[in-house]
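Here's the structure we're looking at; comments come further down.
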Amino acid sequence: MDYDSGKYKPVGEVLHKKVGRFLLRGWIKRKRDMKEKVFVLLRDGSGSIQCVIEDGKVPEGQMSAARKALVESTVIVGGEAHEDARAPEGVELKVDYVEVVSFSEEFPIQRDLSEAFLLDVRHLWLRSSQMTNALRLNATLFSAFRDFMANNKYLEVQGPEFVSGAVEGGSTLFQIPYFGKKVFLSQSNQFYLETFLPGVERVYSVMPSFRAEKSRTRRHLTEFWHAEAEASWMQLPELMDFEEKMIKALAQGLLDKHEKELKAFGRDPKVLEKVVETRFERIPYEEVLGIAQKKFKYLKWGSDLGEKEEREITKDYEVPIIVYHYPSKLKPFYHRPNPKDKGETVLCTDVLAPEGYGEIIGGGERCWRLDEILTRMAEEKIDPKPYQWYLDVRRYSAHPHSGFGMGLSRVLTWMCKLPHIRDAIAYPRTMNRYYP
Ligand code: 4AD
Ligand code: MG
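Residue numbering for the sequence shown is 592 to 1027, as defined by this note's numbering.
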């Protein structure tokens, strides 16, 4: 067979047309050997179709090759498609030509479907419908984010991944050797984004961020895809409105293309429709603390809200909430102190996803005056020396600005109702996981 002949049709086209003669190529997803025939569920990039190969309907050599081929063998099949209500997709291909391009070895994913094993063989599990659904939804999420930002006149830029200083505190920095010196892996592109503002005013980036998080929660990765933005002149209320509009656009993006995949994950599309239609409540830190205190009595003003507290706060909400004015001691030095309470709180905001999922966005107004940020650094005992380039943003062209960072896999985990963030990314990296 000439693999490049252009004669081959994708399975998706067959399912669409339902009848006719087709030549398909793909992989054996499932197989059932009967006395006089073999049922093969053939998968390609566009879907799966049931194929029936019967004794006498194909040459003997082809029949024995089909019988010998194990799951995940690569095959070419030709035949007549017809509607059949018993077939998984309602269409069956009656095969009159089979060619095994490659006999697969026994596929390791058979009976053991434990979470740990599937992570060990993630490179093979990627072809499961669970993963391919997640990959498609993920791709749409990325493009919906980029479309939304471009429509709002934000310019996409990139920053470095090797950096010389912390953004989100030293405790989660990965340090690596760099030609006899030490550098860090970026925790956030925020500081670099700020440097673009005097030139272009509104910027965003989609880049990996790294955190040496010792947290073993269902929402922490050590490497995650970070969607971040900065905007000149923007203040907190406008930032909250922007974030809400953005999340609605992302939900709508998934709804437009992926009702079927959402349902396969057990996510009722109506829930995301509600997200698109309902205004998100804005709630100060103090008030959400009150919700968490009902269960966790030890919490007091100034306590940090982690995974379990946020789960409690958000479990009865159906749409995200926007929490603002956290105590300044909980947040990194770059957040702008609230002038109304002498800096007890900062002009920041976290967006918490509902149903227990918790934080998906962190952001706020930045300290934009040189004296203000130097004071905050001194209070936090941060040496300004490695941050001179960042302080230059305050020395020249200083102006009010705001920004945010959003973990794309966290958004996907919530929107698809997935149990764990590792289900939302092809190759999850956690404390104990860096293979494959
Ligand atoms: O709240 P974070 O740490 O804020 C920043 O990094 C800011 N500098 C962002 C900015 O304003 N440009 O992280 C922002 C978001 C979180 O809300 C969360 O969604 C995600 O990044 N995130 C993680 N996602 C997966 N695994 C982790 N370990 C994450 N840490 C943060
Ligand atoms: Mg945060």
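Where a beta carbon is used, it is the ideal one built from N, C-alpha and C, also for glycine.
- Closest by C-alpha distance to Lys861, out of Glu850, Thr763 and Arg870, is Glu850.
- With a contact defined as Cβ atoms closer than 8 angstroms, Cys642 and Arg858 miss out at about 31 angstroms.
- Of all alpha-carbon atoms in Arg658, Val937 and Leu863, the one lying nearest the alpha-carbon of Glu877 is that of Val937.
- Phe871 and Glu835 have their alpha carbons spaced roughly 7 angstroms apart.
- Shown here, Gly750 sits in coil according to DSSP, grouped into three states, outside any helix or strand.
- A straight-line Cα-Cα distance of about 32 angstroms links Lys839 and Met1022.
- At a cut-off of 3 residues, the continuous stretches assigned as beta strand (DSSP E) that sit fully inside the segment 791 to 869 are 793 to 801 and 814 to 823.
- For Ile700 against Arg616, the beta-carbon gap comes to about 22 angstroms, at or over 8 angstroms, which does not count as contact.
- At a threshold of 6 angstroms, His811 counts as near ligand 1, since its beta carbon sits closer than that to one of the ligand's heavy atoms.
- In terms of CA proximity to Gly881, Ile904 leads the group Leu661, Lys865, Ile904 and Ile951.
- Between Pro601 and Asp635, the C-beta spacing is below 7 angstroms.
- At least 7 angstroms separates the beta-carbon of Ala657 from that of Val692.
- Straight-line spacing of the CA atoms in Lys976 and Val984 works out to 14 angstroms.
- In the DSSP annotation of this structure, the continuous segment of the beta strand (DSSP E) that includes Lys773 starts and ends at Lys772 to Leu776.
- Annotation: the continuous alpha helix (DSSP H) that includes Phe708 extends over Glu706 to Asp711.
- Taken through DSSP and simplified to helix, strand or coil, Leu684 comes out as strand.
- By the 16-neighbour rule on beta-carbons within 10 angstroms, Ile767 is exposed.
- In this structure, DSSP gives Leu965 a helical state, which the three-state scheme calls helix.
- The DSSP-derived three-state label of Asp1014 is helix.
- Within the same chain, Gly844 come within 8 angstroms of Ser734 by CB-CB distance, once the 5 residues on both sides are set aside.
- Leu961 and Glu785 have their C-alpha atoms roughly 14 angstroms apart.
- Within the segment 886 to 929, the runs of alpha helix (DSSP H) at least 4 residues long that lie entirely inside it are, in chain order, 898 to 905.
- Segment contact: the segment 997 to 1012 against the segment 966 to 981, fewer than three CB-CB distances shorter than 8 angstroms; contact not assigned.
- In this structure the segment 794 to 812 does not lie against the segment 706 to 725, because fewer than three pairs of beta carbons, one per stretch, are closer than 8 angstroms.
- Taking the Cβ atoms as the reference, Glu674 lies roughly 10 angstroms from Lys608, outside the contact range of under 8 angstroms.
- Within the segment 621 to 696, the runs of beta strand (DSSP E) at least 3 residues long that lie entirely inside it are, in chain order, 628 to 635, 638 to 645, 665 to 674 and 682 to 693.
- With contacts defined by Cβ atoms closer than 7 angstroms, Phe995 and Ile951 do not form a contacting pair.
- Judged by beta-carbon spacing, Leu614 lies within the 7 angstroms limit of Gly669, meaning their Cβ atoms are closer than that value.
- Contact between the segment 743 to 753 and the segment 724 to 734 is absent: fewer than 3 CB-CB pairs across the two stretches fall below 8 angstroms.
- Apart from sequence neighbours up to five positions away, the residues of its chain that approach Tyr688 with a beta-carbon distance below 6 angstroms are Gly669, ordered along the chain.
- Taking the CA atoms as reference points, Leu943 sits about 7 angstroms from Val914.
- When DSSP states are grouped into helix, strand and coil, Trp618 belongs to the strand group.
- Rounded to the nearest whole angstrom, the C-alpha separation of Leu921 and His714 is 39 angstroms.
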